[in-house]
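Novice: Once you've had a glance at the structure underneath, I'll fire off some questions.
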Amino acid sequence: MTRRIIFFAWITVVALSVCLAHDLSAQEMKSGEINWVKGYISAVGNGTADPSGNKVKDRLKSLRAAELVAQRTLLETLKGVRIDSTTTVENLMLKEDIINSRVEGVIRGAQIVKRDVTWEGNVPLATVEMRVCLSMNVGGCSMDSSLITALNIGHRSEPRYVPGDRLNPQTIPLTPPPKTPPKNIKYDSSKPVTGVIFTLEGRPFERQLLPVIITVAGESKRITVYSVKNVTPKVIRSFGVVRYADNEDQAKKNPYIGDNAVVIPVEDITKENMIVIGTDGVRAIRETTMHGNNYLSDAKVVISSD
């Protein structure tokens, strides 16, 4: 019975890659995961090998089989990552060969975080866990490259739904900030603000690499407050444009945004999945980004679910 299971798994691996040896086998055991908070995509692969009498070789073959499955699952999971509300990574890979090649390169260089082999008699059972970083310099991932780098998103045009009118702090008259911020806006006004946290407060929002923050002036005029165009290219390549958190406390613990981030509640989510903030939030951003303190250009932005 054991040899029949091994043979069936071997057929599966051959279908995945003709590069593997004919006696290699692998089986996908679980799907991949996109961890937006820790900044990585992960996948686990399980593999085995037909016993040859040489345990060292059989162990290596089972690990290679597991690695192949992990890479395959990693790629399929990565394809589903949303760049914006209308584009996934897979869409770009299908449109541009260079992006397809870069993404495949990132998969080949994925970080291996677990390699383990157990034995069932003479049969090796291998498990490999691999990760791809969404961006560089994130706590849960360490690689020489990242998905953001491979996609080169800093040079891409924004979707048509993004408002052309933009909030520009440099054009705002220099007026003294209020002694205390509005009750729904939280930060220490006695010292420079180091970043911004947008709290969704449970509103449904689909996480993506390039979120857009807007406000609505009057009854219908939309103005872009924050998008990829606010961020310097060097920062995009290293850090991306946003970090995510499950709650406000978790967001405040992110070292990248510093110890005095302004907390701004979200008022709405548009049908295009853009985040809408109110006039108090806009005023807070205007006032705290004056005098060269433009934390938006450094992407010191966190979107918190609660």
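Residues in the sequence shown are numbered consecutively from 1, following this note's numbering.
Ideal placement from N, C-alpha and C gives every residue a C-beta, glycine not left out.
1. Does DSSP classify Val81 as helix, strand or coil?
2. Let me know if Leu94 comes out buried or exposed under the rule of 16 or more other beta-carbons within 10 Å of its beta-carbon.
3. Which residues mark the beginning and the end of the alpha helix (DSSP H) in which Gln250 is found?
4. Of all the options Leu78, Ser85, Leu92, Val89, which has the alpha carbon lying nearest to the alpha carbon of Ala43?
5. For Ala66, which three-state DSSP category applies?
6. Return helix, strand or coil for Ile185, following the three-state DSSP convention.
7. CA-CA distance, Ala9 and Ala110?
8. Note down the Cα distance separating Arg243 from Thr149, rounded to an integer number of angstroms.
9. Among Asp116, Lys234, Pro163, whose alpha-carbon lies nearest the alpha-carbon of Arg64?
10. Mapping DSSP to helix, strand and coil, what is Thr12?
11. Look at the alpha carbon of Asp280 and the alpha carbon of Ser31, and state the distance between them as a whole number of angstroms.
12. DSSP has Glu120 in a bridge; who is on the other side?
13. I'd like the list of long-range same chain contacts for Ile99, defined as Cβ closer than 6 Å, with 5 residues on each side in sequence excluded.
14. Mark Pro211 as exposed unless 16 or more other C-beta atoms lie within 10 angstroms of its C-beta, in which case mark it buried.
15. Check whether the Cβ atoms of Val193 and Asn294 sit closer than 8 Å, and answer yes or no.
16. Between which two residues does the beta strand (DSSP E) harbouring Arg238 extend?
17. Here's the rule I'm using: 16 or more other beta-carbon atoms within 10 Å means buried, otherwise exposed. How should Arg160 be labelled?
18. Under the rule that 16 or more other beta-carbon atoms within 10 Å means buried, what is Glu67, buried or exposed?
19. Please state whether the Cβ-Cβ distance between Ala299 and Val235 is less than 8 Å.
20. Quick one: what's got a C-beta closer than 8 Å to His155's C-beta in the same chain, skipping five residues either side?
Specialist: Judging by the given coordinates:
1. coil
2. When all chains shown are included, Leu94 counts as exposed.
3. 248-252
4. Leu78
5. helix
6. coil
7. Here Ala9 scores only 41 on pLDDT, less than 50, and its place in the model should not be relied on; the value that follows carries that caveat. Rounded to whole angstroms, Ala9 to Ala110 spans 24 Å at the Cα level.
8. One C-alpha to the other measures close to 16 Å.
9. Asp116
10. Low confidence applies here, because Thr12 scores a pLDDT of 39, under 50, leaving its location unreliable; read the following figure in that light. Helix at Thr12.
11. 42 Å
12. Its beta-bridge partners are Val123.
13. Leu92, Met93
14. buried
15. no
16. Looking at the sequence shown, residue 238 is not Arg but Ser. Segment 233-239 is the alpha helix (DSSP H) holding Ser238; no beta strand (DSSP E) there.
17. exposed
18. buried
19. yes
20. Excluding positions up to five away in sequence, the list reads Pro233.
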